[in-house]
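The block underneath contains the structure these notes are about, expressed in structure tokens.
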Amino acid sequence: MSSLSVRSSPTGMDRKAKMARSADFRGDVLELLNRELGEVVPRTFANRFGASQDLVRRLEQYRNLQKHRGCVNTVSFNAEGDILVSGSDDRMVMLWDWDIGHVKLSFHSGHHNNVFQAKIMSCTDDRSIVTCAADGQVRHAQILEGGKVETVMLAKHHGRAHKLAIEPGSPHIFYTCGEDGLVQHFDLRSRTATELFTCKSFHGNSRYMPIVHLNAITIDPRHPNLFAVAGSDEYARVYDIRKYKWDASDDFGQPLDSFCPWHLIGNVHDVGITGLAFSDQSELLVSYNDENIYLFTREMGMGSNPVPPSPSSMESNTDSVGPAPTSVASPSDTDISRVTDETPGPQVYQGHRNCETVKGVSFFGPRSEYVVSGSDCGRIFIWRKKDGELLRAMKADEHVVNCIEPHPHVPMLASSGLEHNIKIWSPQATDKTSLPVKIEEVLTRNHIAYFALGYDDFNDDDFVIAGLDSDDVDGSNDDDDFNDDNDDDNYDDDDDDDDDDDDDDDDDDDNNGGGGGGGGGGDDNKNNYGEKRNGGLDMSASR
């Protein structure tokens, strides 16, 4: 196995790079001056300032929120950004005033296993919360006057329900997906669930089409009628809810479009998708387990029934993205005319490792200028979106970082993982920080994991982190113990309200084990490993 290839700059500071950084600094000063003189529109200034790479370089831990007694599987801000909602293996849902580290309200979700996602519905004064969990249930919690909470089960998946997605700006509409492949549409006005379709594999025949066990669902904020789902196969699928016939007179299971890197189509290895995100420009970000993260634009779509690529297009598109498939079916002339050598490949983001759990992926910045993800190595990875350059690899967990949630308005992040806490990251560092001194060791360990998982045909020479050179690595060491200041004095234990609504107990504990090893919740979660991923390799609790 050849050694890890990392681009390096010539000895000494590259003169052009220094001049570019100096120009950026002068530009920032001029921007501030124009802002003070009233010559820049406030929103324009805010967008430019929030997108500044300087702020990314200054991100550091601002708060450590400790209250949960299990792995924190979900963190999400409300629309205003002043409240953070979290859910955990302890089955509790907590609403935080994250700025001061205070729990405003905590309540039992009513779930019988690990809570996988919790979100606050828009335009509800933060009183309406929807959740899904390892028990398959989809639940709604209504916060009443005096802090009392009523929870009710709306529907149930067969198997774990990993993710839900709220229609932007809607106080009523949301979607869920689960390991049963089912996608459901909910309207809280009637508390009804509509089963839209069960996701089926493209690989199969007319007699049997395998079910795709779904891990992720997301809605396009620019076109909220479009949503994407993904799970235990290689494709991200996009659907248009407007095409659904509410009288069930038509099959809605055929996607509007589908996306996949060419080298993963028909791959003999088990691949799957753990995370999805749409940008404000309708770009689709797709995070694969045991693989990389890819950014797709609309013109990269493969249509509703994807076809295998031509050999020449595969060869030209796989040089920098990973292992090639062992065999691919020969395309027809029609296929070749549809997929040409000029088909652009997706932007790639690599260096992290996504194996152990169901990890999300997100955009960061006022106009989605950056891509962020957690990693099995316990770090938060931040890449520049336009070229895949790795900017930060911040130590954030002793084990695995699962969730990264950007603040809706300011350049801040919330993260959680296998530890029982939530970390808030803010650009408050006095000095700019680049990549840690041991970054090459981290990237090498993450990369070697591919070989341990059986990727014998992965080309080491292709593993190059875009833009990584000696100027990007500074003397700071992100491996140092991070600040675990415990703001216990800010916590309020008096607002726990365990209103389980047990009359909804449709509790099949055959889903026991939830997202990890051991049952969901309780006081002892030391051996609970959060939200285990679906698809790909073995999902046993021993991991």
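Okay, so the sequence shown: first residue is 1 according to full-length UniProt numbering, each after it adds one.
Glycine is no exception: its CB is placed at the ideal position from the N, C-alpha and C atoms.
No experiment lies behind these values; they were computed from the predicted model shown.
Determine the DSSP secondary structure at residue i, reduced to helix, strand or coil.
i: Leu55; result: helix
i: Thr444; result: helix
i: residue 554; result: Here the chain comprises residues numbered 1 to 543, so residue 554 is not present and cannot be evaluated.
i: Trp96; result: strand
i: Glu145; result: helix
i: Glu398; result: coil
i: Ser312; result: Any reading at Ser312 is ruled out, since the residue's pLDDT is 48, under 50, leaving its predicted position unreliable.
i: Ile439; result: helix
i: Gly360; result: coil
i: Leu188; result: coil
i: Glu195; result: strand
i: Glu405; result: strand
i: Glu60; result: strand
i: Leu285; result: strand
i: Leu264; result: helix
i: Arg139; result: strand
i: Arg298; result: helix
i: Thr151; result: strand
i: Ser373; result: strand
i: Ala393; result: strand
i: Thr218; result: strand
i: Lys67; result: coil
Leaving out the 5 sequence neighbours to the left and right, which residues in its chain are closer than 6 Å to residue i when beta-carbon positions are compared?
i: Ile120; result: Asn78, Val85, Asp126 and Ile129
i: Ile176; result: The amino acid occupying residue 176 in the given sequence is Thr; Ile does not appear at that position. Same-chain partners within the cutoff: Cys132, Val138, Ala161, Leu164 and Gln184.
i: Thr192; result: none
i: His140; result: Val130, Val152 and Leu154
i: Asp90; result: His68, Arg69, Gly70 and Gly521
i: Leu285; result: Ala277, Leu295 and Val361
i: Phe364; result: Tyr370, Val372 and Pro406
i: Arg242; result: Asn225
i: Ile424; result: Tyr62, Arg63, Trp98 and Ala414
i: Leu188; result: His172
i: Gly169; result: Ser122
Can you list, in chain order, the residues of its chain with a C-beta nearer than 8 Å to that of residue i? Leave out the 5 residues immediately preceding and following it.
i: Val271; result: Asp233, Glu234, Leu264, Tyr288, Asn289, Asp290, Glu291, Gly535 and Gly536
i: Thr124; result: Pro171
i: Arg222; result: Phe278, Asp280, Gln281 and Ser282
Buried or exposed: residue i, going by 16 or more other Cβ atoms within 10 Å of its Cβ?
i: Thr334; result: Confidence at Thr334 is low in this model, with a pLDDT of 44, below 50, so the placement of that residue is unreliable and no value is reported for it.
i: Asp101; result: Correcting the residue type first, residue 101 is Gly in the shown sequence and not Asp. Label assigned to Gly101: buried.
i: His203; result: exposed
i: Gly231; result: buried
i: residue 544; result: Absent from the structure is residue 544, since the part of the chain shown begins at 1 and ends at 543.
i: Trp246; result: exposed
i: Pro255; result: buried
i: Val72; result: buried
i: Gln428; result: exposed
i: Pro261; result: buried
i: Thr218; result: buried
i: Gly388; result: buried
i: Gly351; result: buried
i: residue 545; result: Nothing in the structure corresponds to residue 545, since the chain is present only between 1 and 543.
i: Arg109; result: What sits at residue 109 in the sequence shown is Ser, not Arg. By the 10 Å Cβ count, Ser109 comes out buried.
Between the beta-carbon of residue i and the beta-carbon of residue j, is there less than 8 Å?
i: Gly303; j: Asp240; result: no
i: Phe252; j: Phe186; result: no
i: Gly136; j: Gly87; result: no
i: Gln66; j: Asn305; result: no
i: Val437; j: Gly417; result: no
i: Glu369; j: Ala51; result: yes
i: Ser426; j: Tyr62; result: yes
i: Val56; j: Cys403; result: no
i: Glu356; j: Gly378; result: no
i: Ser279; j: Arg298; result: no
i: Ser415; j: Ala393; result: no
i: Leu391; j: Gln53; result: yes
i: Glu195; j: Leu214; result: no
i: Ile439; j: Tyr349; result: no
Just to confirm my understanding: we take residue i, look at its own chain, exclude 5 residues before and 5 after, and list those with CB closer than 7 Å. What are they?
i: Ser201; result: Met209, Pro210, Val212 and Asp233
i: Gly275; result: Ala216, Ser287, Lys359, Gly360 and Val361
Does any C-beta atom of chain D lie closer than 8 Å to the C-beta of residue i?
i: Ser282; result: In the structure shown, chain D does not exist; there is a single protein chain.
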